[in-house]
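S.K.: Structure below; questions to follow.
Numbering (our numbering), first residue to last: 2 to 166.
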């Protein structure tokens, strides 16, 4: 009869743990392009859904800036400059996977969220004003509610990406 070598109970789990660690290290290296410290946010499949959402926001903001430039008035100058900087920060933050850029973007969106919440309070107050037509008051209220949700989602997406980078 042939004799079989018997593994002790302690040898087998150590080998499995080492194999799992090697597989995890290999997956991290393949995702990050050889850099074991940081994996790409989107993985091998491309962009993450949060990155795509912020890219879409950047496109909408850029379209708004172009519209403001087309209908240029001196009152739009500060808005054009601030929104242009925000678009650049979003794109640079996503391309370079920079947590600092995402932190600045998140702070900008949080400031905008506070301002829009103040507009929401004003829209609710104007809801009871009889000098403005009721339809206009409802439309204004719905627009402000959508803006609050928009900026809240943008804050959450930029915070998620900031933590991931």
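Backbone N, C-alpha and C define an ideal beta-carbon position, used for all residues, glycine too.
1) Count the other CB atoms, across all protein chains shown, that sit within 10 Å of the CB of residue 70; report buried if there are 16 or more and exposed otherwise.
2) Relative to the C-alpha of residue 110, which candidate in 159, 165, 124 and 142 has its C-alpha closest?
3) The ligand SAM and residue 88: does the residue's C-beta get closer than 7 Å to at least one heavy atom of that ligand?
4) Tell me whether residue 120 sits in a helix, a strand or coil according to DSSP, three-state version.
5) In terms of residue numbering, what span does the alpha helix (DSSP H) encompassing residue 136 cover?
6) Return yes when the Cβ of residue 84 is within less than 8 Å of the Cβ of residue 191, no when it is not.
7) Using three-state DSSP, classify residue 85 as helix, strand or coil.
8) Would residue 107 and residue 156 qualify as a contact pair, given that the criterion is a beta-carbon distance under 8 Å?
9) Output needed for residue 92: all residues of its chain with C-beta closer than 7 Å, excluding positions within five of it in sequence on either side, in chain order.
M.R.: This is what the structure holds:
1) The sequence position of residue 70 within the chain shown is 69, counting from 1. Counting Cβ neighbours within 10 Å, residue 70 comes out exposed, since fewer than 16 surround it.
2) Numbered from 1 along the chain shown, position 109 holds the residue referred to as residue 110. Ranking 159, 165, 124 and 142 by Cα distance to residue 110 puts 159 first.
3) This structure lacks the ligand SAM, and indeed carries no ligand of any kind.
4) Looking up residue 120 in the chain shown gives position 119. Helix, per DSSP.
5) Start at 1 with the first residue of the chain shown, and residue 136 comes out as number 135. In this chain, the alpha helix (DSSP H) harbouring residue 136 covers 135-165.
6) Outside the shown range of the chain (2 to 166) lies residue 191, about which nothing can therefore be said.
7) For the purposes of this step, residue 85 is identified with residue 84 of the chain shown, where counting begins at 1. In the structure shown, residue 85 sits in a helix (DSSP, three-state: H, G or I).
8) The residue given as residue 107 occupies position 106 in the chain shown. The residue given as residue 156 occupies position 155 in the chain shown. Judged by beta-carbon spacing, residue 156 lies within the 8 Å limit of residue 107, meaning their Cβ atoms are closer than that value.
9) Taking the chain shown and counting its residues from 1, the one referred to as residue 92 is at position 91. Once the five neighbours on either side are set aside, the close Cβ partners of residue 92 are 59.
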